Amino acid sequence: MARVLHIEDDPRNRLLVRKLLSAEGHDVIDAADGLEGVRLALAQRPDIVLVDLNIPGLDGFEVTLRLRNESSLAGVPIVAITAEGDRDTSFAVGCDGFLQKPIDARAFARQIAGYVGGQRERLMSSPDVTGERLRTQSGRIVAHLEEKVAELSAANERLREMERLRTEFYRNISHELATPLTPIVGYLGMLIDEELGPTNPAQRKALRVMDDCIRRLRAQLDNLVDVTGLETGKMRFFHRDYDFLDTVRRAMAWHADAFAERKITMLKEMPKGALPGYGDSDRLGRAISQLLDNAAKFAPEGGIVGVRVQPFETTYEVVVADTGPGVAKDHEGRIFDPFYQADGSPTRAHGGTGVGLAIARRVARGLGGDVKLLEGGAQVEGMFLGGAAFCLTVAKSAPTVVVDTSK
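So the sequence shown is residues 1 to 407, counted in my numbering.
Right, dumping it as structure tokens:
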């Protein structure tokens, strides 16, 4: 029995052909447009191709010309099935048969069997007529391509405009959120420090909860600002002298409550003494926080997160590893893409917006380093952590120019 590829946009016609040919034991593969039909023909290597001439994407003539240029499909019969197409043009472009719609249900399976068995119909026109028909069809294809190029150019222009509007939205919403948040943070700090009067234990507990929520909101706002930098390819860095080790420790302290809440053990492997550097310690701290936040999300409750700091001749390195499930092979190439999440559905087990690792990498590159995924995990304090492990490096003396962080 034959493998039949049927290219037809009308689902009722597809169903009829499938019923007629499946009843004779044929394996029928459906395609709803010309592009899908070409893809399936190259992938499935059918014994015969049935193509409607008036289909979207590539029409039947274009599909036939495309398939006739494939050596792997040499000898495969192509039969045009149409209500309006031209017989001579169909044969001129390479069809081996021509069936008029509506098809004869009683004879259809027998006709297809004949084409599979070697039956071919040939164009009876003169070479001059055939050449003229091919030139005419080639002109139609060129006009079709010009139309598609114009459509793609218009769509590309719309996408560029949407990108510009999205970047402006990020910038504007960041400003609009930061403005009211500033006094909230200030007055909340004054309440916690009892500068506006004494508070009772219940009030202090409520203020601590509010402070935690505000800190999380501020972190998301910082991410939003950084996303604008990702979109434009520009991040501004404000450099000064700082201590790399102190920056790491402050990022770890910021996550201490989150780790304690999930009973996660923190392993630390750090050198003694200061690690002086020159760069943007605030942005660096947020980048390290992104790695710690990622570890806190994916490490199991009661698991382990390890942080290892090492100085080298011209760079500093911090490795953040956990005992979570790690990164699946098919996601490794995309985890640093902005907005990409292995599970981006509303019902996903882990929160987040999918920008943390992208921001961490862009910040590290802006500071003369990089962030890389370490395959197979990492060792911290003599213990091997086999989950996700990320290595962030920065130059001891970072560049002082505005760096293109879009790559």
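Just so you know, even glycine gets a beta-carbon here, dropped at the ideal spot from N, CA and C.
Here the structure is a predicted model, which means the values were calculated and not measured.
Counted within 10 angstroms of its Cβ, other Cβ atoms place residue i as buried (16 or more) or exposed
| i | result |
| --- | --- |
| K148 | exposed |
| E62 | buried |
| C95 | buried |
| A23 | exposed |
| E168 | exposed |
| N294 | buried |
| G117 | exposed |
| L292 | buried |
| A260 | exposed |
| D257 | exposed |
| G273 | exposed |
| A378 | buried |
| D280 | buried |
| D337 | exposed |
| D10 | exposed |
| E194 | exposed |
| D241 | exposed |
| G387 | buried |
| H6 | buried |
| M252 | buried |
| A389 | buried |
Boundaries (first-last residue) of the beta strand (DSSP E) holding residue i
| i | result |
| --- | --- |
| K268 | T265 to E269 |
| F409 | This structure gives no information on residue 409, because the portion of the chain shown stretches from 1 to 407. |
| I359 | Unbroken run through I359 is the alpha helix (DSSP H), G356 to G366; no beta strand (DSSP E). |
| P311 | I304 to P311 |
| K372 | D370 to L373 |
| F108 | Note, F108: premise wrong, no beta strand (DSSP E); alpha helix (DSSP H) at A105 to V116. |
| T82 | I78 to T82 |
| E317 | T315 to D322 |
| L50 | I48 to D52 |
| A31 | D27 to A31 |
| D243 | R240 to D243 |
| L99 | G97 to Q100 |
| L196 | Segment: none, L196 is in no beta strand (DSSP E) and carries neither H nor E. |
| F237 | Neither: F237 is in no beta strand (DSSP E) and is coded neither H nor E. |
| A395 | A389 to A395 |
Continuous alpha helix (DSSP H) stretch holding residue i: start and end
| i | result |
| --- | --- |
| Q290 | S281 to F298 |
| G413 | Not covered by the structure: residue 413. The range shown for the chain is 1 to 407. |
| D257 | A256 to E261 |
| A378 | Note, A378: premise wrong, no alpha helix (DSSP H); beta strand (DSSP E) at A378 to V380. |
| V327 | Run containing V327: none; DSSP gives neither H nor E here. |
| R3 | Run containing R3: none in the alpha helix (DSSP H); it sits in the beta strand (DSSP E), R3 to I7. |
| D88 | R87 to V93 |
| K272 | Run containing K272: none; DSSP gives neither H nor E here. |
| P11 | P11 to S22 |
Whole-angstrom distance between residue j and residue i, CA atom to CA atom
| i | j | result |
| --- | --- | --- |
| Y187 | P201 | 18 angstroms |
| F91 | N69 | 15 angstroms |
| N54 | V4 | 19 angstroms |
| M162 | L181 | 28 angstroms |
| A43 | D104 | 30 angstroms |
| A32 | L177 | 48 angstroms |
| T385 | G324 | Looking at the sequence itself, residue 385 is Leu, so the reference to Thr does not match. About 9 angstroms. |
| N13 | A80 | 14 angstroms |
| E313 | A41 | 57 angstroms |
| K268 | S72 | 60 angstroms |
| A109 | L374 | 59 angstroms |
| T444 | L284 | The displayed coordinates of the chain run from 1 to 407. Any statement about residue 444 would go beyond what the structure contains. |
| A150 | D370 | 40 angstroms |
| V76 | Q220 | 59 angstroms |
| I214 | V185 | 7 angstroms |
| K329 | G356 | 19 angstroms |
| K19 | L152 | 38 angstroms |
| R218 | T179 | 12 angstroms |
| G382 | R45 | 55 angstroms |
| Q119 | T82 | 19 angstroms |
| D30 | G57 | 15 angstroms |
Beta-carbon proximity list for residue i, same chain, < 8 angstroms, skipping 5 on both sides
| i | result |
| --- | --- |
| P271 | L245, V309, Q310 and P311 |
| E84 | L53 and N54 |
| H239 | Y278, G279, D280, A398 and T400 |
Proximal residues to residue i (C-beta, below 7 angstroms), its chain only, five neighbours per side dropped
| i | result |
| --- | --- |
| L275 | D243, F244, L245, P311 and Y316 |
| G368 | V394, A395, A398 and P399 |
| I78 | V49, V51, T64, L67, G94, C95 and D96 |
| D211 | L188 and I192 |
| S345 | Low per-residue confidence applies at S345: pLDDT is 41, beneath 50, and the placement is therefore not dependable, though the value from the model is reported in the following sentence. Here the set comprises nothing. |
Sequence-distant residues of the same chain with beta carbon closer than 6 angstroms to residue i, five excluded per side
| i | result |
| --- | --- |
| G306 | L267, A321, V380 and L385 |
| H26 | M1, A2 and V4 |
| K372 | C391 |
Any chain D beta carbon closer than 8 angstroms to residue i
| i | result |
| --- | --- |
| P183 | Here chain D cannot be found, since the structure has a single protein chain. |
Are the region 288-300 and the region 355-371 touching by the rule of at least three beta carbon pairs closer than 8 angstroms?
yes
Within 8 angstroms, do at least three Cβ pairs link the region 322-336 to the region 293-304?
yes
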